[in-house]
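Number of protein chains: 2
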Amino acid sequence: MAPMTEKDDGLCQQTCDHPDVVASVRQAMPDENQQQELAQLFKVLGDHTRVRILNALYRSELCVCDLTSILGMNQSAVSHQLRVLRDAKIVRSRKQGKNVLYALDDSHIAELIRIGFEHVQEQ
Amino acid sequence: MAPMTEKDDGLCQQTCDHPDVVASVRQAMPDENQQQELAQLFKVLGDHTRVRILNALYRSELCVCDLTSILGMNQSAVSHQLRVLRDAKIVRSRKQGKNVLYALDDSHIAELIRIGFEHVQEQ
DNA sequence: TTATCGTATGAATAAATGTTCATGTGTTAA
DNA sequence: TTAACACATGAACATTTATTCATACGATAA
Numbered sequence: 004m005a006p007m008t009e010k011d012d013g014l015c016q017q018t019c020d021h022p023d024v025v026a027s028v029r030q031a032m033p034d035e036n037q038q039q040e041l042a043q044l045f046k047v048l049g050d051h052t053r054v055r056i057l058n059a060l061y062r063s064e065l066c067v068c069d070l071t072s073i074l075g076m077n078q079s080a081v082s083h084q085l086r087v088l089r090d091a092k093i094v095r096s097r098k099q100g101k102n103v104l105y106a107l108d109d110s111h112i113a114e115l116i117r118i119g120f121e122h123v124q125e126q
Numbered sequence: 004m005a006p007m008t009e010k011d012d013g014l015c016q017q018t019c020d021h022p023d024v025v026a027s028v029r030q031a032m033p034d035e036n037q038q039q040e041l042a043q044l045f046k047v048l049g050d051h052t053r054v055r056i057l058n059a060l061y062r063s064e065l066c067v068c069d070l071t072s073i074l075g076m077n078q079s080a081v082s083h084q085l086r087v088l089r090d091a092k093i094v095r096s097r098k099q100g101k102n103v104l105y106a107l108d109d110s111h112i113a114e115l116i117r118i119g120f121e122h123v124q125e126q
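Respectively, the protein sequence lines represent chains F and Z.
Under this note's numbering, think of the first position of the first sequence as 4, with each following residue one higher.
Under this note's numbering, think of the first position of the second sequence as 4, with each following residue one higher.
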């Protein structure tokens, strides 16, 4: 095996700051803005109330008061969280008469929830 | 189509709190503890520094000072975030002499990052 | 118009969280 | 033993954030 590109052995034995690995990893790192956006996406997903909202919308398009009933919490709190989810392009909304119906915006979101559940169920 | 189990039309036209849909969704909702854990998982993933750490570990097993160098930040801050990732079972660590090498613990994590990137790149 | 219903939103409060500073622990080398 | 290095961690501070309260907006019905 090529000694310069090898990474798993000989790391940080004498000099901790191993220049080869550090340089190659640094070069392979994604764009900072995209990492920021990725962190923002996960941050929005990382709330109990919002996870519950998404799990409900996973089953059916729902209006705010239905969500409020299902979650058993304040309508204002639900609306605030829906705003966060809307701003993050995780859910979309459409008006129907006096109501506003919410749904998952993107198929990626359902996939993230599914894989996330797989992870926590294995722990 | 059966009118009772239908959900997309006739929702919340007169009575907002539509009992059928609300009941079926409520019944299909996952366990509260699992939703809490899922939210916790996403919350840990939802930080810029931790996303950068995971992207680095995605490429190679690394010790703390390498990570510190790659991220260009305080060693203490990196260690604090590694602790959070360790507690969440997202990374694992092993000692090698004076160093501690960190790596991604679970293949689900890499998948979450990959799908998350797909999502943000489409926006 | 007026009243009511469904929803949105600003302000305020309390709680959670990321970073820095200082220090402690454990391992290696002298 | 002593010194140096890699890493961990508690405390403090500043910032973010989720919920509640009150209120405003928009659509429908009377």
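We put the beta carbon where it would ideally sit given N, CA and C, even for glycine.
- Per the Cβ contact rule, the region 65-85 of chain Z is not in contact with the region 45-53 of chain F (fewer than 3 Cβ pairs under 8 Å).
- For D109/F, the CB contacts under 8 Å within the same chain, skipping 5 residues up- and downstream, are K92, I93 in chain order.
- Scanning the region 11-93 of chain F for uninterrupted beta strand (DSSP E) segments of 3 residues or longer gives nothing; none is fully contained.
- Chain Z places a beta carbon closer than 7 Å to that of D69/F, counting this residue as a contact.
- Its chain contains L65, L70, I73 as the residues whose beta carbon lies nearer than 7 Å to that of A59/Z, once the 5 sequence neighbours on both sides are disregarded; these appear in chain order.
- In terms of beta-carbon proximity, D34/F stays away from the interface with chain Z, with every pair separated by 7 Å or more.
- At a cut-off of 7 Å between beta-carbon atoms, Q39/F makes contact with chain Z.
- In chain Z, no part has a C-beta under 9 Å from the C-beta of A80/F; the shortest such distance is about 15 Å.
- Taking a C-beta distance under 7 Å as the contact criterion, E40/Z and V123/F qualify as a contact pair.
- Within chain F, the residues I73 have their CB atoms less than 7 Å from the CB of R29/Z, given in chain order.
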